[in-house]
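For the sequence shown, the working numbering begins at 32 and goes up steadily by one.
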Amino acid sequence: MRTLSDLGDLAGKRVLLRCDFNPTIQRLLELGASVLICSHLGRPEGQVNKEFTLAPVAARLGELLGQEVIFASDTIGVQAKEVTNALSLGRVAVLENLRFAEAETSKDAETRMAFAKELAAFADKFVSDGFGVVHRKHSSVYELATLLPSAAGLLIEAEVEVLQQLTRSDQKPYTVVLGGSKVSDKLAVIGSLLPKINNLIVGGGMLFTFLAAKDYEVASSLLESDQIPTVKQYIQQAEELGVRIILPTDIRMASSFSPDAKVEIAQIDALNRTSFGETGIGLDIGPDSEQVFSEVIQESRVCFWNGPMGVFEMEAFASGTRAIAKALSQVEGLNVVGGGDSASAVRALGFAESDFSHISTGGGASLEYLEGKSLPGLEVLK
Ligand code: AMP
32 MRTLSDLGDL AGKRVLLRCD FNPTIQRLLE LGASVLICSH LGRPEGQVNK
82 EFTLAPVAAR LGELLGQEVI FASDTIGVQA KEVTNALSLG RVAVLENLRF
132 AEAETSKDAE TRMAFAKELA AFADKFVSDG FGVVHRKHSS VYELATLLPS
182 AAGLLIEAEV EVLQQLTRSD QKPYTVVLGG SKVSDKLAVI GSLLPKINNL
232 IVGGGMLFTF LAAKDYEVAS SLLESDQIPT VKQYIQQAEE LGVRIILPTD
282 IRMASSFSPD AKVEIAQIDA LNRTSFGETG IGLDIGPDSE QVFSEVIQES
332 RVCFWNGPMG VFEMEAFASG TRAIAKALSQ VEGLNVVGGG DSASAVRALG
382 FAESDFSHIS TGGGASLEYL EGKSLPGLEV LK
């Protein structure tokens, strides 16, 4: 993969940076470039929606950099052209949210290319650094990189290095912890990781599809019934490979999906026999499971975690996630938090960045990388 040093002398160059707002900005300034930043926020779906404007981001960036950051209130329009033409050496400008333009995420390659050409006209070189979007074939992620001398920024470089370590590591025990709500999103990664790992710990909403695949009743907990056959296949494959799939033995069952719901701890063979009966919802793993999961994690030499163990956004159901984050932080070896909600969880629960080898900024992107998929935004930088 091409990195900043492959871009040659950047002094006096205008660099277009597809950015996640990180140290690459400072590095480019140190290298003598002027920096034009393009990025996205939320899912405005091709419409101008001031709720998702990058104006406050530009203002905050100015405070952090200690210099004025110019903001263009459009992406490839009159304002953007004026701002880029006036962008002098050592200065930073931010374009408005790329996703205000339908072309950015269009399914049509020509539409994306036309948009990318407008962006490319603004700069001499392109640095791609939005790791969270590298699995998307979007105009500013893929087409743009084909039009200018381009390279990965510091964030993408760091993310890829850790992901490579995770795919190549032969350190044992190797444990993967998966949670969160969308089983279907996470199944593919299970298939590609099973041959490499020793333990697969499953928590979060997805654990109920695993329990159902083992014929347990799950009351009104989250369940993706259509995924049960696939889950059964993985359970069998894990047995053949000698990989332990570790499921909770107890669950915090709630009377409703709410922060002040009544809570009872139930063993997994009695989830529909709490006082809430069939209406009970499993919103977190139970204390015994926390302990077993923590022990397995602490003994690991490599551990990758994606997805919270419960509905950590509500304090009553944050305990499992907190326990797993703590155990992960104590791993002697490579301990990686795989982005998205698990990254927000470790920060919300007060853990420090330095407690982990790496906290990824892209949940979807890191899972797809570990699945062995080709990521358009990385391929184009090779
Ligand atoms: P994901 O985006 O798939 O990683 O899912 C993250 C979301 O899963 C978080 O917002 C959690 O609140 C949610 N979650 C975790 N455990 C459960 C559960 N037992 N039931 C419902 N949602 C859950």
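Built from N, CA and C at the ideal position, the CB exists for glycine as well. All values derive from a computational prediction rather than experimental measurement.
{"query": "Sufficient close CB pairs (3 or more, under 8 Å) joining the stretch 391-407 to the stretch 184-198", "result": "yes"}
{"query": "Same chain only: Cβ atoms within 6 Å of residue 42, ignoring 5 sequence neighbours per side", "result": "63"}
{"query": "Buried/exposed call for residue 47, threshold 16 Cβ in 10 Å", "result": "buried"}
{"query": "Residues that residue 205 bridges to, as DSSP identifies them", "result": "333"}
{"query": "Residues near residue 123 in its chain [Cβ-Cβ closer than 6 Å; skip 5 each side]", "result": "66 and 100"}
{"query": "Where residue 192 sits in the DSSP three-state scheme", "result": "helix"}
{"query": "Assumed close pair residue 243, residue 232 - CB separation to whole angstroms, cut-off 8 Å", "result": "About 18 Å separates the two Cβ atoms, so there is no contact after all."}
{"query": "Reference residue 129; option with closest CA among 320, 334, 338 and 143", "result": "143"}
{"query": "Residue burial classification, residue 199 (beta-carbon count within 10 angstroms, cutoff 16)", "result": "exposed"}
{"query": "For residue 206 and residue 327, the rounded distance between their alpha carbons", "result": "8 Å"}
{"query": "Reduced DSSP secondary structure (H/G/I, E/B, other) of residue 34", "result": "strand"}
{"query": "Proximity test, residue 227 beta-carbon vs the ligand AMP heavy atom, cut-off 7 Å", "result": "no"}
{"query": "beta-carbon residue 321 near the ligand AMP non-hydrogen atom, thresh 7 Å", "result": "no"}
{"query": "Which of helix, strand or coil DSSP assigns to residue 144", "result": "helix"}
{"query": "Length of the line joining the Cα atoms of residue 247 and residue 300", "result": "6 Å"}
{"query": "Bridge-paired residues (DSSP) for residue 230", "result": "206 and 275"}
{"query": "Neighbourhood of residue 362 by C-beta distance below 7 Å, restricted to the same chain and skipping five residues each side", "result": "328, 329, 331 and 334"}
{"query": "Pair within 8 Å by beta-carbon distance, residue 126 and residue 103", "result": "yes"}
{"query": "Residue 88 and residue 146 closer than 8 Å at C-beta", "result": "no"}
{"query": "Continuous beta strand (DSSP E) assignments of at least 3 residues falling wholly in the stretch 102-175", "result": "123-126 and 156-159"}
{"query": "DSSP three-state assignment for residue 300, whether helix, strand or coil", "result": "helix"}
{"query": "Residue 293: CB within 7 Å of a non-hydrogen atom of the ligand AMP", "result": "no"}
{"query": "Where residue 3 falls: helix, strand or coil (DSSP)", "result": "Residue 3 cannot be examined here, being either before or after the span of the chain that is shown, 32 to 413."}
{"query": "Range of the contiguous beta strand (DSSP E) that encloses residue 285", "result": "281-285"}
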